[in-house]
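Participant: A single structure is presented below for examination.
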Amino acid sequence: MNRFVIPMLALSLVACAPDWDGTYAGEIKQSGFCNDGSSVPETEADVEFTVLHETETDTLSWDAACGATVLADLEGDVAKVRQASCPAETSNGTTRSSTIEGGTLTFSDTTMRMELDISVTLSGAITGTCNVTAEGLLVRIGD
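Next comes the structure, spelled out in structure tokens:
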């Protein structure tokens, strides 16, 4: 009997694994501090992006608004975000380089809580470094 029950139980657990693939949308708030003591004013931005789940490696990926492809390692309902560098942007003689240093994604039913730690380096006409936290609750709006 155990020969039949255990494989069926294992199969049912695999079939019930959460599927986090989908498009998520919501509002992200960002704020932080710079090395000169100044603060980064809180900003809010509406975001929408599609999360892909690579089941063989339990890795999530998505394309961030800054142009980087971000990867996160999934463990249950929480994913640990890996470091990802955004392409540098230059405006008015100042180059801005942003790096997503890490963070977490926490999934629950149809929502995802995102918390990211971002470092920003300015060089050229304006120089400095800033540490920014981006966080928000996103809702799954499609597959």
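Numbering (mature numbering (1 follows the signal peptide of the UniProt record, and there is no 0)), first residue to last: -17 to -1, 1 to 126.
Built from N, CA and C at the ideal position, the CB exists for glycine as well.
If you reduce the DSSP assignment to three classes, tell me which class Thr78 lands in.
Facilitator: strand
Participant: Mind checking which residues open and close the beta strand (DSSP E) that includes Glu25?
Facilitator: 22 to 37
Participant: Does the beta-carbon distance from Arg79 to Val103 come in below 8 Å?
Facilitator: In this structure, Val103 lies closer than 8 Å to Arg79 by Cβ.
Participant: Within 10 angstroms of the Cβ of Ala48, are there 16 or more other Cβ atoms? Answer buried if so, exposed if not.
Facilitator: exposed
Participant: Straight-line CA distance for Val(-13) to Trp3?
Facilitator: Here the model assigns Val(-13) a pLDDT of 38, short of 50, so the residue's position is not dependable and the matter cannot be decided.
Participant: Can you find the residues in the same chain that come closer than 7 Å, C-beta to C-beta, to Pro(-11), ignoring five residues on each side of it along the sequence?
Facilitator: At Pro(-11) the pLDDT is 41, less than 50, meaning the model places this residue with poor confidence; the figure from the coordinates comes in the next sentence. Cβ neighbours of Pro(-11) beyond the five flanking positions: none.
Participant: Spatial neighbours of Glu31 within its chain, please: C-beta separation below 6 Å, excluding the five flanking residues on both sides.
Facilitator: Ala8
Participant: Just curious, the beta strand (DSSP E) that Arg96 is in, first and last residue?
Facilitator: 94 to 107
Participant: By DSSP, does Gly111 sit in helix, in strand, or in coil?
Facilitator: Residue state, collapsed to three classes: strand.
Participant: Which class does Gly5 belong to by DSSP, given the choice of helix, strand or coil?
Facilitator: Note: Gly5 maps to strand in three-state DSSP.
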